[in-house]
Structure formats: structure tokens, C-alpha cells
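K.L.:
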Amino acid sequence: MALLTGALLPDGPALARDKAPPPPATGPAADYPIVLGAPFVVDGVTYTPVDVMNYDQVGYALIDPAGGDRISLAHRTLPLPSYVEVTSLRTGKTILVRAERRGPMTGAGLVALSPAAAAQLGTSEARTPIRIRRVNPAEPERALLRAGQRAADRMDTPMSLVGVLMRKLEPAGQPPAPAAAPTTAAVAAPAPASAAKRPAVMPPSLKPAAAAAIPPAPKPATQLAPQPVVKPVVPMAPPIARPVASAAPVSSGPFVVQVGAYSSRTNAAAVAARVGGGVSPAGRLFRVRISGLTSQAQASAALAKVRAAGYTQARIQRAD
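For the sequence shown, my numbering gives the first residue as 2, with consecutive numbering after it.
#1: Put residue 138 into one of helix, strand or coil per three-state DSSP.
#2: Evaluate residue 199 with the Cβ neighbour count: other Cβ atoms within 10 Å of its Cβ, from every protein chain shown; 16 or more gives buried, anything less gives exposed.
#3: Alpha carbon to alpha carbon, how far is residue 46 from residue 317?
#4: Tell me where the alpha helix (DSSP H) around residue 121 begins and ends.
#5: Give me the DSSP bridge partner(s) of residue 99.
#6: What residue does the alpha helix (DSSP H) around residue 322 start on, and which one ends it?
#7: Roughly how many angstroms lie between the CA atoms of residue 73 and residue 292, to the nearest whole one?
#8: Could you check the C-alpha separation between residue 206 and residue 171 for me, to the nearest Å?
#9: When burial is assigned at 16 or more other CB atoms within 10 Å of the CB, is residue 312 buried or exposed?
#10: In whole angstroms, give me the CA-to-CA distance for residue 94 and residue 117.
#11: Do three or more CB pairs link the segment 58-67 to the segment 117-136 at distances below 8 Å?
#12: Taking residue 47 as part of the beta strand (DSSP E), name the residues at either end of that continuous run.
#13: Taking the alpha-carbon of residue 37 as reference, which of 111, 152 and 83 has the nearest alpha-carbon?
#14: If you draw a straight line from the C-alpha of residue 290 to the C-alpha of residue 108, how long is it?
#15: From residue 139 to residue 40, what distance separates their C-alpha atoms?
#16: Residue 281 lies in the beta strand (DSSP E); which residues open and close that run?
#17: Got a sec, what are the start and stop residues for the alpha helix (DSSP H) residue 163 sits in?
#18: Please look up how many angstroms separate the CB atoms of residue 156 and residue 56, rounded, as I've assumed it's under 8 Å.
#19: Going by C-alpha distance, which of 160, 256 and 314 is nearest residue 300?
#20: So for residue 128, helix, strand or coil by DSSP?
#21: Quick one, are the C-beta atoms of residue 27 and residue 51 less than 8 Å apart?
#22: Go ahead and pull the three-state DSSP assignment for residue 320.
#23: Can you tell me where the beta strand (DSSP E) with residue 59 in it begins and where it stops?
#24: Please classify residue 162 as buried or exposed, where buried requires at least 16 neighbouring CB atoms within 10 angstroms.
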């Protein structure tokens with residue numbers, strides 16, 4: 002019996018090692034598949050998760066201690082996971098956050114920030130006015146957030162725009178109204194009915210118009226003879242050559258793609274390294290630009306690459 006017991010003892014630790022849970026995935030596969038889930042009710046309001054790519058709302062951010070030290074937030078309807086820019090409507094500071102949980106499950110908040118995300122945003126308020134906008138960041142930034150680390154701050158939102166967004170806020174005691182999507186669907190329903198009635202009325206009016214157009218047809222036929230005389234005069238070579246010559250100076254002008262302006266040189270340098278641009282001071286800010294673009298076509302191609310990398314506010318400018 003002792004031998005039997007001794008033979009079984011080594012198997013215990015081996016089985017425990019075999020059943021150890023695998024480490025959490027942090028690669029790109031951790032972003033898929035996205036989860037929506039069933040509708041649910043919070044404080045008498047029904048919320049239906051939906052995959053909306055251009056989600057852009059203002060509201061109030063609560064603080065969710067369950068988020069811990071990850072740069073994450075809870076949202077009631079966005080797919081999980083998804084990535085959003087959160088802007089403080091107190092300061093204009095904007096950060097990148099990963100939506101990982103459903104919530105808040107009480108109160109009138111639009112989102113619930115983890116303590117680490119609130120600290121990066123620079124707020125400790127119980128209710129912070131914010132703007133949240135869904136984005137598609139570059140993979141290096143996604144990887145940082147999946148690993149629980151901070152991504153670089155985004156470009157600060159101008160205070161002029163912050164003032165406009167503040168005027169759109171609901172009072173602090175009211176929950177966000179998810180009925181906007183159903184209202185749009187209800188308005189869209191009668192539209193096809195009215196549109197279907199109009200084609201039924203149009204054909205009778207078109208037939209007399211077509212019949213009326215037939216009698217005058219012989220009269221313009223007599224005017225077709227002089228028209229060919231005018232046509233040989235129009236296609237002249239010199240007018241075609243002049244636009245080609247004038248187009249060269251326009252396309253040869255220097256252009257730059259301005260990716261953004263940052264209050265921190267370190268953040269600006271990090272963005273410049275990602276997009277292949279340079280950093281230049283402009284007052285108290287540091288601009289990230291891609292220069293050396295000699296044509297509008299080159300500038301447009303560079304702009305498309307920058308926006309695909311997640312910097313959707315980039316734009317083309319004339320070089321200084």
C-alpha cells in the first residue's frame with residue numbers, strides 16, 4: 002500500500018500543471034471576435050448593443066474601480082472590444098482607450114473609466130464631461146492597450162470645439178438616451194411608401210411630354226446643317242495645350258501633411274516615428290508633419306496612409 006501511495010504522489014503536481022490556465026492573449030487575435038450581446042435594462046432604460054463605426058457622443062464619464070490599472074472603460078452599447086478616443090471637455094485633452102466591459106450599470110454616465118484611464122485623462126471627478134469617438138488605431142497602439150499600458154496622448158481638441166461640444170451635453174442627472182437609433186428607423190419606414198406613390202403619378206405626365214416633343218422635332222432638324230460648320234472651329238490644338246502648361250506650376254508646388262500638434266515634444270516624436278514625419282516647433286506646440294511632397298497626388302497618397310494609421314484629423318497644407 003505504501004508503494005502504491007508513493008507511486009500516485011508524483012502524478013498530483015503533474016496534473017495540476019496540466020490544468021493551469023493559459024496566459025491571457027495579447028496579440029491581434031485578442032481583438033476578435035467582437036461581442037455585442039443581448040439587450041439589457043439599466044434604471045428602466047433598455048440598451049441594445051450595436052456595431053456602429055462612426056459612433057461619436059458627448060456625456061459624462063464615471064470612474065469604475067473594477068477597471069484597475071488598465072487603460073480601459075465600460076460602455077453600454079459599443080462592441081467589445083473596441084477602441085475609442087476620450088476627450089475631456091474641461092481641458093481638451095484626448096486619450097486612446099479600449100472598451101472592454103459593459104456598463105455603467107447604474108447612474109447617468111455614458112461610460113465608466115478605469116482609474117488608470119481617468120488618471121491619464123487628468124480627472125478625478127465623479128462625473129467628468131467627455132466626448133467619446135470610436136476610432137481604428139494602428140496595431141502598435143492596440144498592442145499597448147491590450148497589454149494594459151498607455152498609448153501616446155492624441156492631439157488636444159481645440160477649446161473652440163470643446164465649447165461647442167459642451168453645449169450638446171444633457172443635464173448631469175439624465176441618462177444617455179439610446180432611442181436615437183429606433184427613431185431614425187421609424188422615420189425611414191414611411192419614406193418608401195411616399196416614394197412608391199410618386200412613380201405611379203409620374204408616368205402619365207411623362208407620356209404627354211414625350212408626345213409634345215415629337216412635333217417640334219422637324220424644326221430643329223433644319224438647324225442641324227449649320228452646326229457641323231461650327232464644330233470644326235472648336236477643337237483647336239492651342240486651347241488644349243494651355244491648360245497642360247498651366248497645370249505644371251500647380252502640381253509642382255510644395256505640400257505637407259500635418260498629422261497633428263502636441264504639447265509634448267516626446268509625444269510628437271513618437272507620432273512622427275510612426276508616420277515617417279518630422280517635428281517642428283510652433284509656439285508652445287510641436288507639429289508633426291510629412292514634408293517633401295511636390296504634387297497634390299503625392300500629398301493625397303501620404304494623407305491616406307496617415308489616416309489609415311488612425312490619425313483621422315490629419316490634413317494637407319501648403320509648405321511654409
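All C-beta atoms in this analysis are idealised placements derived from N, C-alpha and C, irrespective of residue type, glycine included.
Since this is a predicted model, take the numbers as computed values, not measurements.
P.N.:
Well, looking at it:
#1: coil
#2: Only weak support exists for where residue 199 lies, its pLDDT of 47 falling under 50; the value from the coordinates is given anyway. Exposed: under 16 other Cβ atoms inside 10 Å.
#3: 44 Å
#4: 116-122
#5: 73 and 84
#6: As displayed, the chain neither begins before 2 nor continues past 321, which places residue 322 out of reach and without an answer.
#7: Computed Cα separation, rounded: 35 Å.
#8: For residue 206, the predicted model reports a pLDDT of 45, less than 50, meaning its position is unreliable and no value from the coordinates is stated.
#9: buried
#10: When the Cα atoms are used, residue 94 and residue 117 turn out to be separated by approximately 15 Å.
#11: yes
#12: Where residue 47 is concerned, the enclosing beta strand (DSSP E) stretches over 46-48.
#13: 83
#14: Approximately 43 Å between the Cα atoms of the pair.
#15: 31 Å
#16: That run of the beta strand (DSSP E) goes 279-283.
#17: 160-167
#18: Contact doesn't hold; Cβ gap of about 19 Å is too wide.
#19: For residue 300, the nearest C-alpha among the options comes from 256.
#20: In the three-state DSSP reduction, residue 128 falls in the coil class, being neither helix nor strand.
#21: no
#22: coil
#23: 57-64
#24: Classification of residue 162: exposed, given that the 10 Å Cβ count is below 16.
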